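Everything on this sheet refers to the single structure shown next.
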């Protein structure tokens, strides 16, 4: 059947290729060829991407890297897969637009690992994201042994084979009887049940009244023998043990045993020589408890069958929060460490505890932080002679009809670890199952490096090894990749929404790399985000292994180390947005550094560089936070200097985010009375707190989720533009006010497209069609509004200008030009004023926020800015501009704290705080604080080594 042409997404017309065209690859086998890419700012780009190589796509921020890789290459790979499905199946997929490109040749199945693929669900964990937990559930379901919590012995199901083997092992001539307890069903009487059994072919029973002799059922039914109400056993069969059982004997034995299990609903009693009785059971039962047979769902906290019934699989419940009950652990019980035991009436509990517990040897003058496990348990749980904190809150619960007790309970409630599952999220029955003597919960709480060691050393029987071989292969591959990308400090139970962007992306990497695909196209968007130089080395090795399996690995990256190791580099540029979108240079590293047109090449060759300042700024004060113990921080006390550029660094997992974002930032917010999350555990916050008026966290989240949001509205400059246009003579004559020049409100905007400039037609299972609005021709405003001009330009023309063009255009309007200037200062002079915020990269969004602060001028109060990895998505050239913006903020009297790994930023800092030496348990210590030059002398510091 001939292909149907003319309908987008159904088929593509054959493209006539010029055989003399040098850009046309011979067969597409050795490279992927993109012809005529025009997505976003790409200018009809033609590019070869060599197959089975590690290819780095680089260039300044906004030069078109993501447009080429994600929006063109990956989008086409995904669309081709979707088009292979039926029309019915496609309507359930996210509809995919066809990229604006002539054609792509030689493309293979594409997998994209994008920036910051974080998940917000509280059910998602490291284990579920990497799929390791899915294999772990399968391992426990297939190899796990169930142990009774009463006796500790293994719970087993007896099979027919087990009973046959037992009988075959008895001495020759032994008389064996198979008997089962009589079960009466459906409220039948014993006589009715016996009548049915006789009809089935059974003839004898045992009853206590018969002196252990068999009784004929027909005699009982005839009334000649009375059996009473005691327990009755049914005789199934009798045999004498032979030397060798022939086939007929074995068939008879198996049939009798199967019948016994059926009639008794799971039990078979084997009586040998009229005395010794051995019980067999094909129910999963021991010590009077019927256990659940292990299935994968028993170990799933996302399934009602396996989830803890108390916390429903979340691992946390609303209960008494230990942090609120004992807010300062440096106090002793005598010094009123227990907050609810303060006050005239409630202090009776404190006095009673000190009196009773003191006699038991409890140290009432020792700070709570220094108490041992047994002493803490006595304080919280109490015993028969001492009332503990839990007993106090039980009393509070009993008095909830009084308002003061309801207030007290509310004051100390918060999210706490579930008391039923202890945070494992699983029902207690799942804890009865063990592999190599360990429960699944114990494995979930082990750091991944320890867990990998456990997997490689665990002892299994030969049979278990055969069953687990395939499962262990998948687990070990993923675990090894997790360690290779530097995440060995995480545990599988760690919530996905507590991970940094870099950690989240590397976990996605583990998921895909662990599957060992070949002949695929992997596209990674800055995988080195959040990675220390030491960990970047490991990541490069992982990507090389992926390439060596026969895959094409395309990496959007600015990291110098990654570029040096790449097989091929594509440099986009020359600048950004409409000044970019071209391939400036393409080739191996050695060719790139010789290319004079390449900005990247100039920085790599040393022709251009970021030079550290000759004189470091001196701090004007400091903020000190003492005794930080959250996560892996080991009682760290740190000074953060003010009115300087302070960089917090260290290897991945060393505790930077915990110290700055989870402890310092919320602690300062709380101090200044701003709404905040609860800060991590710390002892004391002091220093020059009065010299700071406000704290600002500048992250890479988008500046607006709406397609209408744009940079000029974010920095509040559009208000001034609308005022200017409303003052024009034509506007006054027609009665136009400021709102008529807004595309967010009715009045001046186009009524057809509501100021969007385009109309979207839904096509069900095909890509949505974006049509230029017929009424306004994409200009977003009504014709009468567009007739209002300033210096010959309509409001639409102004929105289409770049920031640098608009500064020149509005040179007479000093206030307006000054409002735009910060965007140019942070290196965003290339973006259009009306550019939709959802087309900005993470780095661009962060710099728009930075520009909005720069544009506010010298404020009355000084601000402490906290930046979380601001170099994400930034080229070396952009980092130079970013450092200039930091200088401008500090000159205005502000202070900056930056969490960063980039060595150029560290070298340019006035003060460095280095944490480590390792990640996870091996980190959380303060290695160095002071000027950057001194860091090189610290032997334990990996940062010092790479500087």
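Numbering (the numbering used here), first residue to last: 315 to 1261.
Each residue gets a CB set at the ideal place from its N, CA and C atoms; glycine is no exception.
Model, not experiment: these values are computed from the prediction.
| request: From the DSSP output, read off the bridge partner residues of residue 1041. | output: As a working mapping, residue 1041 is identified with position 727 in the chain shown. Note: residue 1041 sits in no beta bridge, so no partner.
| Spatial neighbours of residue 491 in its chain, beta-carbon cut-off 6 Å, leaving aside the 5 residues before and after | As a position in the chain shown, residue 491 is number 177, starting the count at 1. So the list reads 552, 585, once near-sequence residues are dropped.
| said: residue 483 and residue 554 - do their beta-carbons sit closer together than 9 Å? | reply: The residue labelled residue 554 in the question sits at position 240 within the chain shown. The residue labelled residue 483 in the question sits at position 169 within the chain shown. With respect to the 9 Å criterion, residue 554 and residue 483 are not classified as neighbours on the basis of their beta carbons.
| Is residue 1024 near residue 1148, with beta carbons less than 9 Å apart? | Taking the chain shown and counting its residues from 1, one reaches residue 1024 at position 710. Taking the chain shown and counting its residues from 1, one reaches residue 1148 at position 834. By the CB criterion at 9 Å, residue 1024 and residue 1148 fall inside the cutoff.
| Straight-line CA distance for residue 400 to residue 1218? | Residue mapping note: residue 400 aligns to position 86 of the chain shown, counting from 1. Residue mapping note: residue 1218 aligns to position 904 of the chain shown, counting from 1. Rounded to whole angstroms, residue 400 and residue 1218 show a C-alpha spacing of 52 Å.
| Option nearest residue 854 by Cα separation, candidates 833, 834, 832, 827 | Counting from one through the chain shown, the residue named residue 854 turns up at place 540. With distances taken between CA atoms, residue 854 lies nearest to 827 out of 833, 834, 832, 827.
| Cross-strand partners of residue 956 (DSSP beta bridge) | The count along the chain shown starts at 1 and reaches residue 956 at position 642. Residue 956 pairs with 935.
| Should residue 450 be labelled buried (16 or more other beta-carbon atoms within 10 Å of its own) or exposed? | Position 136 of the chain shown holds residue 450. So residue 450 ends up on the buried side.
| Distance between residue 849 and residue 797 (C-alpha atoms, nearest Å) | Walking along the chain shown from the start, residue 797 turns up at place 483. Walking along the chain shown from the start, residue 849 turns up at place 535. Answer to the nearest angstrom: the Cα atoms are 10 Å apart.
| field | Check whether residue 881 and residue 368 have beta carbons under 9 Å apart | value | Working through the chain shown from its first residue, we reach residue 881 at position 567. Working through the chain shown from its first residue, we reach residue 368 at position 54. Remark: C-beta atoms of residue 881 and residue 368 approach each other more closely than 9 Å.
| query | In terms of DSSP beta bridges, what is residue 836 paired with? | reply | Within the chain shown, numbered from 1, the residue matching residue 836 stands at position 522. The partner list for residue 836 (beta bridge, DSSP) reads 425, 867.
| request: Pull up the distance between the alpha-carbon of residue 375 and that of residue 1200, whole angstroms please. | output: Position 61 of the chain shown, counting from 1, holds the residue named residue 375. Position 886 of the chain shown, counting from 1, holds the residue named residue 1200. Taking the Cα positions, residue 375 is about 18 Å away from residue 1200.
| First and last residue of the uninterrupted alpha helix (DSSP H) at residue 855 | Stepping through the chain shown from its first residue, residue 855 is reached at position 541. Its alpha helix (DSSP H) spans residues 847 to 862.
| task | Please determine, among 893, 845, 840, 832, the residue with the shortest C-alpha to C-alpha distance to residue 863. | result | The residue given as residue 863 occupies position 549 in the chain shown. Measuring from the Cα of residue 863, the nearest candidate turns out to be 832.
| query | Taking the alpha carbon of residue 893 as the point to measure from, which residue in 1183, 424, 1146 has its own alpha carbon closest? | reply | For this step, residue 893 is matched to residue 579 along the chain shown. 1146 is the residue among 1183, 424, 1146 whose C-alpha sits nearest the C-alpha of residue 893.
| query | Which whole-angstrom value is the C-beta distance of residue 478 and residue 407, which I expect to be below 8 Å? | reply | The residue you call residue 478 lines up with position 164 of the chain shown. The residue you call residue 407 lines up with position 93 of the chain shown. With a Cβ gap of about 55 Å, residue 478 and residue 407 do not count as contacting.
| Nearest-angstrom Cα separation, counted from residue 708 out to residue 662 | Taking the first residue of the chain shown as 1, we reach residue 662 at position 348. Taking the first residue of the chain shown as 1, we reach residue 708 at position 394. Our two residues, residue 662 and residue 708, have alpha carbons roughly 16 Å apart in a direct line.
| request: Pick helix, strand or coil for residue 951, following the three-state DSSP scheme. | output: Taking the chain shown and counting its residues from 1, one reaches residue 951 at position 637. In the three-state DSSP reduction, residue 951 falls in the strand class (E or B).
| said: Tell me the DSSP secondary structure of residue 961 in three-state form. | reply: Indexing the chain shown from 1 puts residue 961 at position 647. Of the three classes helix, strand and coil, the one that applies to residue 961 here is strand, per DSSP.
| said: I'd like to know whether the C-beta atoms of residue 378 and residue 914 end up nearer to each other than 9 Å. | reply: Stepping through the chain shown from its first residue, residue 378 is reached at position 64. Stepping through the chain shown from its first residue, residue 914 is reached at position 600. No, Cβ-Cβ distance for residue 378 and residue 914 is not below 9 Å.
| message | So the candidates are 1101, 1150, 944, 1096; which of them puts its Cα closest to the Cα of residue 1116? | response | As a working mapping, residue 1116 is identified with position 802 in the chain shown. When the alpha-carbon of residue 1116 is set against those of 1101, 1150, 944, 1096, the nearest one is in 1150.
| task | For residue 547, write down the residues that DSSP places opposite it in a beta bridge. | result | Along the chain shown, read from residue 1 onward, the residue named residue 547 stands at position 233. Beta-bridge pairing links residue 547 to 495, 520.
| query | When DSSP builds the beta bridges, which residues end up paired with residue 621? | reply | Position 307 of the chain shown, counted from the first residue, corresponds to residue 621. Looking at the DSSP assignment, residue 621 forms a beta bridge with 740.
| Among 999, 911, 985, which residue has its Cα nearest to the Cα of residue 1007? | The residue labelled residue 1007 in the question sits at position 693 within the chain shown. The candidate whose alpha carbon is nearest that of residue 1007 is 985.
| query | Out of curiosity, what's the CA-to-CA distance linking residue 837 and residue 824? | reply | Position 523 of the chain shown holds residue 837. Position 510 of the chain shown holds residue 824. If you take the alpha carbons of residue 837 and residue 824, they lie about 14 Å apart.
| Cβ contact check for the segment 1224 to 1231 and the segment 1241 to 1258: 3 or more pairs under 8 Å | Enough Cβ pairs lie closer than 8 Å, so yes.
| query | Which residue's Cα is closest to the Cα of residue 890: 932, 1192, 519, 1253? | reply | Residue mapping note: residue 890 aligns to position 576 of the chain shown, counting from 1. Of 932, 1192, 519, 1253, the residue nearest in Cα terms is 1192.
| Which one of 770, 628, 1112, 921 has the shortest CA to CA distance from residue 736? | Start at 1 with the first residue of the chain shown, and residue 736 comes out as number 422. When each option's Cα is compared against that of residue 736, the closest is 628.
| request: Could you tell me the distance, in whole angstroms, from the CA atom of residue 778 to the CA atom of residue 458? | output: Translated into the one-based positions of the chain shown, residue 778 becomes position 464. Translated into the one-based positions of the chain shown, residue 458 becomes position 144. Taking the straight line from one Cα to the other gives about 9 Å.
| request: Please go through the same chain and pick out, in chain order, the residues whose beta-carbon is closer than 7 Å to the beta-carbon of residue 834, but skip the five residues on each side of it. | output: Numbered from 1 along the chain shown, position 520 holds the residue referred to as residue 834. Cβ neighbours of residue 834 beyond the five flanking positions: 422, 423, 425, 865.
| Looking at the unbroken beta strand (DSSP E) that takes in residue 914, where does it start and where does it end? | For the purposes of this step, residue 914 is taken as residue 600 along the chain shown, with counting starting at 1. No beta strand (DSSP E) holds residue 914; the alpha helix (DSSP H) holding it covers 913 to 919.
| request: Quick one: residues in its chain with C-beta nearer than 7 Å to the C-beta of residue 1039, no 5 flanking neighbours on either side, listed in chain order? | output: The sequence position of residue 1039 within the chain shown is 725, counting from 1. In the same chain as residue 1039, and ignoring 5 residues on each side of it, the C-beta atoms closer than 7 Å to its own belong to 1045, 1055, 1102, 1104, 1109, in chain order.
| said: With a threshold of 8 Å, are at least 3 pairs of Cβ atoms found where one atom belongs to the segment 645 to 652 and the other to the segment 675 to 687? | reply: As far as the Cβ criterion goes, the segment 645 to 652 touches the segment 675 to 687, which means the pair count is three or higher.
| Which of helix, strand or coil does DSSP assign to residue 1012? | Locating residue 1012 in the chain shown gives position 698, where the first residue counts as 1. In the structure shown, residue 1012 sits in a strand (DSSP, three-state: E or B).
| Can the beta-carbon of residue 441 be found less than 9 Å from the beta-carbon of residue 347? | To locate residue 441, count along the chain shown from 1; it is residue 127. To locate residue 347, count along the chain shown from 1; it is residue 33. For residue 441 and residue 347, no; Cβs fall outside 9 Å.
| Out of curiosity, what's the CA-to-CA distance linking residue 1067 and residue 1034? | In the chain shown, residue 1067 corresponds to position 753, counting from 1. In the chain shown, residue 1034 corresponds to position 720, counting from 1. Each residue's CA atom was taken as its position, placing residue 1067 and residue 1034 some 25 Å apart.
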